[in-house]
Amino acid sequence: MDLTSLLSSSNSEYEKYLKNVLYNKPTLKEAIEISKKLGVSLHPEYIFYFTELSPQRGIDVFNDLQTLYFDSKFNEFCFCIKTTHKKDFEILGVEHIWVEQIDGIDTIGFERESFFAFLTNCNCFDWMKLEMSVEEVSVDISHFLKYFKKLEELCRNNLSKTMLEIINMNSLIEIRDKGGAYIGARMGRPEKAKLRKLDGRPQGLFMIGNGKTVQIERRFGDDENSSDVIQNRMRNIIEAYEGGGVESEFRLFECTKCGEECIYRTCIYCGGETKSQYFNRYTGAKVSEDDELAVEYKRMNLELKPYVDKVRERLKLTQLPKLVKGIKGTANEHKTIEVLDKAFLREKYDLYVNKDGTIRYDMIEMGLTHFKAKEIGTSIEKLKELGYTHDYNGDELVDTEQIIEIFPQDVILPDCDEGFEEKASDIMIQIGQFIDELLEKVYLQEPFYNFKTKEDTIGHLLIGLAPHTSAGIVGRIIGYSKTQGCFSHPVWHAAQRRNLDGDENGVLLLLDGLLNGSREFLPNRRGSKTMDVSLVLTSHLYLDQIDDEVHGMDIVPFYPLEFYRACKEYAPPKSIKIEHVESRIGVGVDDLDKEYLGYKFTHDNFDLNDTILCSSYKTLPSMAEKLAGQLEIGRKIRAVDENKVGELVIDKHFMKDIKGNLRKFGMQSFRCTSCNTIFRRPPLNGRCTNCYSTSINFTIHEGSIKKYLQPSFEITKKFKIDPYLVESLELVNLRMEGVFGKDLEKQKNLAGFFGK
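With numbering that gives the first Met the number 0 applied, the sequence shown corresponds to residues 0 to 755, in that order.
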């Protein structure tokens, strides 16, 4: 009979310790009683890391313990020893406090509960006869010392055995390996939850050109093509409007009703339909559609006044904003652009456009199969409206503390107060208001979302999409956590071809994707044309069509005893049959709930928001401080070799950055800071060929190349770095001195020269 049967039948007073092993733990006396009555090993809460010590070091530990004495000066730490092996007690995990050090010998005091557990591991149960009051001023501890003496002798006589074997040779209760197998880990990436903003932070896919605005004679002036170039480095549509227009490549249409040219599919002058025009790719002359050099765009000076005036009319703007940002140019096949109204509306709601015309919110992915209403801030009444009528045990949902199984396509978005970026709820509200005003004023339709509060967004659909895929999947918002992660069912993440190893996904409101997203906006390049955009949309998730990594996820309420026995023997994983997601594929022919619901979990947590919400990696401002923090952690963690950490930082990060930037320095282009014109080589006369300015600068600067050089040398001074890597760093430094020259040393006075 296993432990579960014993505790639940003849010893029902201990059954509570099986229900929630993380929170319900027996006292030390109860743990000893359970072990003696049932013949099982001591509870893991009260054992130590004996496998981490060799018998030789065990001799030192038990020899030092024979200096044990009782000191009534300390409230909690009454049992003290003098030792030269304090590190061994840290490795064992015996809680203690440092008292003092005299002549290189430490005095440490033990926390009572931890020390009594250690005595139990040493087969000494005499502590149970002691009074536990702090007022004790004298305790006969000679009966403790004989156990330490015996273990010291056992260590001397059994140097070929492990320390854990020696402890069990002396113990009436089995002591098991507390450490087990160790798994190394590293931080893949810090937490993230933020609105996506392209370079330059454009609010609309409308070309402003290469930082230039042209002063154009008005539409019915004497010379329609006369223009003067003025500066518009911010790519500000308003500045271009006030200046007259912009010079760039635009797709042109001709109105079938009034015959006017226009850059929209609908004529801004009469509202009629338009048809495409075709131009010679090189000369810009009009050609037929069949011409082999025909394209649907040409470079031109576009007057913005009629287009902005149309925006003012449709959006009923009494005053124009000061800054509405466009894009430098578009790389899509036909130079297709958005209507200007969208850029103005995004500016109003403080939103930014993505390359496909949508608004994207990016997050780190987090798997979750169960949640509590209190964790996501959604009321019981609202959850019932969404279909969550019962908790995972089948009881009616009445309390925010009840555990609920999440539906496969439901999503919990981040609403972190401690982050530096916009909350997901605020962005969803802003996007909803942007879409509603767009529907009402531009498309002359009724508003759809009507968002005013965070609660209004609950139940609405969105599209989840991974950066390197072209297939989105529909999800539903059911609440917001206080973290910086996107919580949803692992199968939903797997449907995006993500495997939860620190991956990132993005979401957009469904109507934003349907209304504003278009593949015509996408750059005409292989990667940009097919990745990070929802070219197809999955409305219903199918287990057999998702990333098969999630098929191996356990969905059992507990692991059987055979599982733990097999782990102890390092048996192959497949030798133990445990239910996985894979076993549910195809079972829901008559009832889909059998396939997608009824997944169990082995361990509960109190609150998913009860964690570090913003890591120090994000709060530390500079790379130097981040590096110092990383190396400091390396010093503190016994499993980490800080010297190796320093080597890896230099070899895998700093050195590659330095060499790469140094190589790019010799291949760089040059930029006119006045008009942003890029040159492969600077003009011989030193003047911009576009605006005749002399302000032509490097695009890669000396500081960006040298920024990691000094930190690298600092690491080599403080840590034991591979000499080969140090020499490689010195050679790179010589190369840089050859390019930029050697830094001049500051002149010292005589006192400074002699180090005074």
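The beta-carbon is built from N, C-alpha and C at its ideal position, and this holds for glycine as well.
Are the CB atoms of residue j and residue i within a distance shorter than 8 Å?
i      : j      : result
Leu41  : Glu173 : yes
Phe147 : Leu64  : yes
Gly463 : Ile375 : no
Tyr563 : Thr601 : no
Glu295 : Arg250 : yes
Met362 : Lys191 : yes
Ala493 : Asp546 : yes
Leu508 : Ile428 : no
Arg475 : Val410 : yes
Tyr360 : Ile426 : yes
Ile695 : Phe669 : yes
Thr329 : Asp511 : no
Cys613 : Glu417 : yes
Using only the alpha-carbon positions, how far apart do residue i and residue j sit?
i      : j      : result
Val555 : Met127 : 39 Å
Leu314 : Ile267 : 14 Å
His488 : Lys321 : 44 Å
Arg280 : Gln667 : 29 Å
Lys311 : Leu319 : The sequence shown places Arg at residue 311, not Lys. Taking the straight line joining both Cα atoms gives about 8 Å.
Leu521 : Gly484 : 28 Å
Asn684 : Ser533 : 49 Å
Ser582 : Leu461 : 29 Å
His142 : Cys415 : 56 Å
Phe605 : Lys373 : 10 Å
Met131 : Glu568 : Unreliable placement is indicated for Met131, whose pLDDT of 49 sits below 50; no coordinate value is reported for it.
Cys77  : Lys573 : 50 Å
Ile405 : Gly38  : 40 Å
Leu536 : Gln495 : 11 Å
Asn608 : His369 : 14 Å
Lys149 : Lys177 : 23 Å
Leu292 : Tyr277 : 9 Å
Ile584 : Ile575 : 20 Å
Glu246 : Leu301 : 6 Å
Ser621 : Tyr707 : 12 Å
Met233 : Ala239 : 10 Å
Among residues of its own chain, excluding the 5 on either side of residue i, which ones have a beta-carbon nearer than 8 Å to its beta-carbon?
i      : result
Thr756 : This structure does not reach residue 756, given that the chain is present from 0 up to 755, and the question cannot be answered.
Gly183 : Ala638
Tyr13  : Leu6, Pro25, Glu29, Ile33
Glu439 : Glu445, Pro446
Phe88  : Val60, Thr82, His95, Ile107
Asp221 : Per-residue confidence for Asp221 stands at a pLDDT of 40, beneath the threshold of 50, marking its modelled position as unreliable; no derived number is given.
Asn19  : Asp603
Asn504 : Asp361, Met362, Glu364, Gly463, Leu464, Ala465, Pro466, Cys485, His492, Gln495, Arg497
Tyr616 : Met186, Pro189, Lys625, Gly628
Can you give me the Cβ contacts of residue i inside the same chain, cut-off strictly under 7 Å, excluding the 5 residues immediately before and after it?
i      : result
Phe433 : Leu344, Arg345, Tyr348, Leu350
Gly645 : Leu630, Ile714, Phe718, Ile720
Asn122 : Tyr146, Asn169, Ser170, Leu171
His579 : His550, Gly551, Met552, Asp553, Ile554
Glu641 : Leu630, Gly633, Arg634, Phe718
Leu724 : Glu646, Ile649, Asp650
The ligand ZN heavy atoms versus the CB of residue i: any closer than 7 Å?
i      : result
Val586 : The model depicted lacks the ligand ZN and carries no ligand whatsoever.
What residue does the beta strand (DSSP E) around residue i start on, and which one ends it?
i      : result
Arg311 : Not the beta strand (DSSP E): Arg311 falls in the alpha helix (DSSP H), residues 304–314.
His369 : 369–371
Cys671 : 669–671
Thr537 : 535–537
Val410 : 409–413
Val352 : Counting along the chain, Val352 falls outside any beta strand (DSSP E), and DSSP gives it neither H nor E.
Tell me the residue span of the alpha helix (DSSP H) that contains residue i.
i      : result
Ala423 : 423–440
Ser247 : It is not in any alpha helix (DSSP H) - Ser247 instead sits in the beta strand (DSSP E) that spans 244–250.
Lys617 : 615–618
Phe697 : Element bounds for Phe697: not the alpha helix (DSSP H) but the beta strand (DSSP E), 695–697.
Val738 : 722–739
Considering only residues of the same chain and omitting the five flanking positions on each side of residue i, which have a CB-CB separation below 6 Å?
i      : result
Gly740 : none
Gly283 : Lys297
Ile31  : none
Lys453 : Ser424
Gln790 : Outside the shown range of the chain, which is 0 to 755, sits residue 790, and nothing can be said about it.
Thr672 : Ser694, Asn696
Every unbroken alpha helix (DSSP H) inside the segment 81–135 [4 residues or more]: 85–91, 111–120
Along the chain, which unbroken stretches of the beta strand (DSSP E) at least 3 residues long are found entirely within the segment 148–188? none
What are the start and end residues of each continuous beta strand (DSSP E) run of 3 or more residues lying completely inside the segment 454–493, in chain order? Every beta strand (DSSP E) of 3 residues or more that sits fully in the segment 454–493 is shown, in chain order, as 460–464, 470–480, 484–487.
My parser needs the beta strand (DSSP E) runs of 3 or more residues fully inside the segment 244–288; what are they? The beta strand (DSSP E) runs lying completely inside the segment 244–288 and spanning 3 residues or more are 244–250, 252–254, 273–275, given in chain order.
For a minimum of 3 consecutive residues, which ranges assigned as the beta strand (DSSP E) are wholly contained in the segment 600–680? 669–671
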